[in-house]
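K.L.:
A single structure is presented below for examination.
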Amino acid sequence: MAIISDLSNELLVHIYSNLGSIDDALHLGRTCSTTHIILENPKFHLSIMRSIIMSSDIHRFDICLCKVLDLHSKFVDHYSSGGALISGAPTSSPHPTSNTFGYFDQELWERVMQGPLHTLKDSHVYDILARWQGLRVLQDLYLARELTDYDYINPLNINPRFQMDRLDTLQDRSYSHYSRCHPQAHGTLQPHSRVLDSHQTARFYSAVTYYWLINEIRWCLSHITFKNIQYLFGLRYTFQTHLETLTASPLLFTLDVLSIYEFLYLHLLPNHSRCFEEQDPAKTLLTCPSRHHEDRAQGFQECLAYASSFLQPPDLIDLAIRDRLVHKWPYAFLPYPDSFYTHTHPTPDAHYNITNCSFSYRGPPTMFQSVTPYPVLVLTEGHHAYLKSRVFVTFKDGGTRPNPRTIEEVFIERWSEEVRGSVFFWAQSSIKAEMLMERWREEKPVKRQLRPRRA
Numbered sequence: 001m002a003i004i005s006d007l008s009n010e011l012l013v014h015i016y017s018n019l020g021s022i023d024d025a026l027h028l029g030r031t032c033s034t035t036h037i038i039l040e041n042p043k044f045h046l047s048i049m050r051s052i053i054m055s056s057d058i059h060r061f062d063i064c065l066c067k068v069l070d071l072h073s074k075f076v077d078h079y080s081s082g083g084a085l086i087s088g089a090p091t092s093s094p095h096p097t098s099n100t101f102g103y104f105d106q107e108l109w110e111r112v113m114q115g116p117l118h119t120l121k122d123s124h125v126y127d128i129l130a131r132w133q134g135l136r137v138l139q140d141l142y143l144a145r146e147l148t149d150y151d152y153i154n155p156l157n158i159n160p161r162f163q164m165d166r167l168d169t170l171q172d173r174s175y176s177h178y179s180r181c182h183p184q185a186h187g188t189l190q191p192h193s194r195v196l197d198s199h200q201t202a203r204f205y206s207a208v209t210y211y212w213l214i215n216e217i218r219w220c221l222s223h224i225t226f227k228n229i230q231y232l233f234g235l236r237y238t239f240q241t242h243l244e245t246l247t248a249s250p251l252l253f254t255l256d257v258l259s260i261y262e263f264l265y266l267h268l269l270p271n272h273s274r275c276f277e278e279q280d281p282a283k284t285l286l287t288c289p290s291r292h293h294e295d296r297a298q299g300f301q302e303c304l305a306y307a308s309s310f311l312q313p314p315d316l317i318d319l320a321i322r323d324r325l326v327h328k329w330p331y332a333f334l335p336y337p338d339s340f341y342t343h344t345h346p347t348p349d350a351h352y353n354i355t356n357c358s359f360s361y362r363g364p365p366t367m368f369q370s371v372t373p374y375p376v377l378v379l380t381e382g383h384h385a386y387l388k389s390r391v392f393v394t395f396k397d398g399g400t401r402p403n404p405r406t407i408e409e410v411f412i413e414r415w416s417e418e419v420r421g422s423v424f425f426w427a428q429s430s431i432k433a434e435m436l437m438e439r440w441r442e443e444k445p446v447k448r449q450l451r452p453r454r455a
């Protein structure tokens, strides 16, 4: 009977190339010296990884993300060299067609809408390998401790005064957790939720790369000036519809993306926003006032609104690492390099356009009165509202039976209490997720009765 060490290099490369993930190839390479030698060969290694990436469902957004990131660099080079503001398609038609594009929106269309490729550049293979390993840091942050509802801060849902109290509590709890000052602040993890298995890791990675991709598309669109705003909306809707068809479990995937978004921008970003304190407003809009600032609430809202569009998942990993190093001994001074500002917003003309015109969902504006007598701040709820609406639409499209209670009535409360921080353990398929959400609707609402006051 033949053993794996007796196989020829050609057969071993063929076996490697048909594995399901990059981790499977790395694990096989550690089994014996014969398989390890295959991965040590640069030519074989590149060929194997290219085949796995192009055939694996885990990386269905990776290739498109690589191409859009290349376009991002083109935008930066254009504006860094003194280029003028880019104009989009000079048409009054709200429906994008191949004959109505300008140069940059044509480039974006081809990079997003192009079908499966028969080849993949070497540089893109190396980028995806680095991304596969680098996003493990984000996965470790996600699993570091169980998060409660108080660990999430949405600047559009709560009173600014109460918001600042919750922000201080969140940052103090995080400091206590990582410094091990207070054991009760560490949080608890169930035995089954300490690590993600291969299927859950694939879901996590796909959700992060998907949101990274749509955020990059929004960034690119925000740096193009369109004469017809409806044309911009139609172009963005076409991109999103195309990307949503690339998943076989739409409901479960939408829940995964919503969980990832809330972890990144409602927990990780506020928790480590201290790194943006007293930034130079001439360089960036990512300025977060310190605790002693007289109008801290309004500045914090503005910072989160801009950061959710400017910063991508790798930027938030960098932000978390910087925050931990800056706020512990020896308190290193880690200013952001000028390349960071150039890469995130290369032209000041797009500062406000990125949050005003690049949202996936244009809901009604939300107004908040500043803590101090300053003008009212108006924010448009975009990313979060869009992702929640996708959950509702996907759930209704699943063919659920009629029920007196709508999913909108029960989702927010049950999501924040039971699912948000553990969605990757909550359900392993869209069918299971649909059944659990149906059970929410069938349960009778609990009527809370207030106790009578004592005389």
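In the UniProt record's numbering, the protein residues as written are 1 to 455.
Cβ atoms here follow ideal geometry from the backbone N, Cα and C, with glycine treated the same way.
Label Asn215 either buried or exposed according to how many other C-beta atoms from any shown protein chain fall within 10 Å of its C-beta, with 16 as the threshold for buried.
P.N.:
With 16 or more Cβ atoms within 10 Å of its Cβ, Asn215 is classed as buried.
K.L.:
Thinking just about the alpha-carbon of each residue, which of Ile58, Asp168, Lys388 is nearest to the one in Gly20?
P.N.:
For the residues Ile58, Asp168, Lys388, the minimum Cα distance to Gly20 belongs to Ile58.
K.L.:
From the DSSP output, in three-state form, read off Leu12 for me.
P.N.:
Reduced to three states, the DSSP call for Leu12 is helix.
K.L.:
Which residues in the same chain as Thr34 place their Cβ atom closer than 6 angstroms to its Cβ, once the five residues preceding and following it in sequence are excluded?
P.N.:
Closer than 6 angstroms at the Cβ level, and outside the excluded window around Thr34, lie Ser5.
K.L.:
Are the stretch 36-47 and the stretch 66-76 touching by the rule of at least three beta carbon pairs closer than 8 angstroms?
P.N.:
The answer is no - the stretch 66-76 does not touch the stretch 36-47, with fewer than three Cβ pairs under 8 angstroms.
K.L.:
Tell me which residue opens and which closes the alpha helix (DSSP H) that Gln301 is part of.
P.N.:
Counting along the chain, the alpha helix (DSSP H) containing Gln301 begins and ends at 296-310.
K.L.:
So is Gln163 buried or exposed if we call it buried at 16+ other beta carbons inside 10 Å?
P.N.:
With 16 or more Cβ atoms within 10 Å of its Cβ, Gln163 is classed as buried.
K.L.:
Under the rule that 16 or more other beta-carbon atoms within 10 Å means buried, what is Gly88, buried or exposed?
P.N.:
Its Cβ being crowded by 16 or more others within 10 Å, Gly88 is buried.
K.L.:
Quick check: the stretch 247-266 against the stretch 120-130, are there 3 or more CB pairs under 8 angstroms?
P.N.:
Output reads no: the stretch 120-130 does not touch the stretch 247-266.
K.L.:
From this set, Pro42, Leu264, Gly299, which residue's C-alpha is nearest residue 510's C-alpha?
P.N.:
Nothing about residue 510 can be read from this structure; the chain reaches only from 1 to 455.
K.L.:
Might you give, ordered along the chain, the residues of its own chain that have their beta carbon closer than 7 angstroms to the beta carbon of Leu334, omitting 5 neighbours on each side?
P.N.:
Answer for Leu334: Arg322, Leu325, Val326, listed in chain order.
K.L.:
CA-CA distance, Trp132 and Ser47?
P.N.:
Their backbone Cα atoms lie some 17 angstroms apart in a straight line.
K.L.:
Checking the sheet assignment: what are the DSSP bridge partners for Ser87?
P.N.:
Ser87 is bridged to Thr225.
K.L.:
Within a Cβ cutoff of 8 angstroms, which residues of the same chain sit near Lys396, ignoring the five residues on either side of it in sequence?
P.N.:
So the qualifying residues of the chain are Ile407.
K.L.:
Below 8 angstroms, can you find three or more Cβ-Cβ pairs linking the stretch 270-279 to the stretch 223-240?
P.N.:
The stretch 270-279, when compared against the stretch 223-240, does not touch it at the 8 angstroms Cβ threshold.
K.L.:
Does the Cβ-Cβ distance between Val208 and Leu135 come in under 9 angstroms?
P.N.:
Yes. Within cutoff.
K.L.:
When the Cα of Ser123 is compared with those of Ser56, Thr342, Ile63, which residue comes out closest?
P.N.:
Comparing Cα positions, the closest option is Ile63.
K.L.:
Among the residues of its own chain, which have a CB less than 7 angstroms from the CB of Cys303, if the five just before and after it don't count?
P.N.:
For Cys303, where only same-chain residues beyond five positions count, the Cβ hits under 7 angstroms are Ser273, Phe276, Leu286, Thr287, Cys288.
K.L.:
Nearest-angstrom Cα distance between Tyr210 and Phe61?
P.N.:
So the two alpha carbons sit approximately 6 angstroms from each other.
K.L.:
In the DSSP assignment, find the alpha helix (DSSP H) that holds Leu252 and state where it starts and stops.
P.N.:
Per DSSP, Leu252 belongs to the alpha helix (DSSP H) from 250-261.
K.L.:
When you compare only the Cα positions, how much space is there between Ile153 and Ile52?
P.N.:
Going from the Cα of Ile153 to the Cα of Ile52 covers about 39 angstroms.
K.L.:
So is Tyr231 buried or exposed if we call it buried at 16+ other beta carbons inside 10 Å?
P.N.:
So Tyr231 ends up on the buried side.
K.L.:
In whole angstroms, what separates the C-alpha of Asn18 from that of Asn41?
P.N.:
Taking the straight line from one Cα to the other gives about 18 angstroms.
K.L.:
Excluding the 5 residues flanking Ala332 on each side, which residues of the same chain have their C-beta closer than 7 angstroms to its C-beta?
P.N.:
These residues qualify, in order along the chain: Leu325, Val326.
K.L.:
Span of the alpha helix (DSSP H) holding Trp109?
P.N.:
Where Trp109 is concerned, the enclosing alpha helix (DSSP H) stretches over 103-113.
K.L.:
Compare the Cα-Cα distances from Leu213 to each of Ser8, Tyr261, Glu413, Gln171 and report the closest residue.
P.N.:
The shortest C-alpha separation from Leu213 is found at Tyr261.
K.L.:
Using 8 angstroms for Cβ pairs, my map puts Phe424 next to Phe204. What's the rounded Cβ distance?
P.N.:
Confirmed, Cβ separation roughly 6 angstroms.
K.L.:
Going along the chain, which residues of its own chain have a beta-carbon closer than 8 angstroms to the beta-carbon of Cys32, five neighbours each way excluded?
P.N.:
Excluding residues within five positions, the ones whose Cβ falls inside 8 angstroms are Ile4, Ser5.
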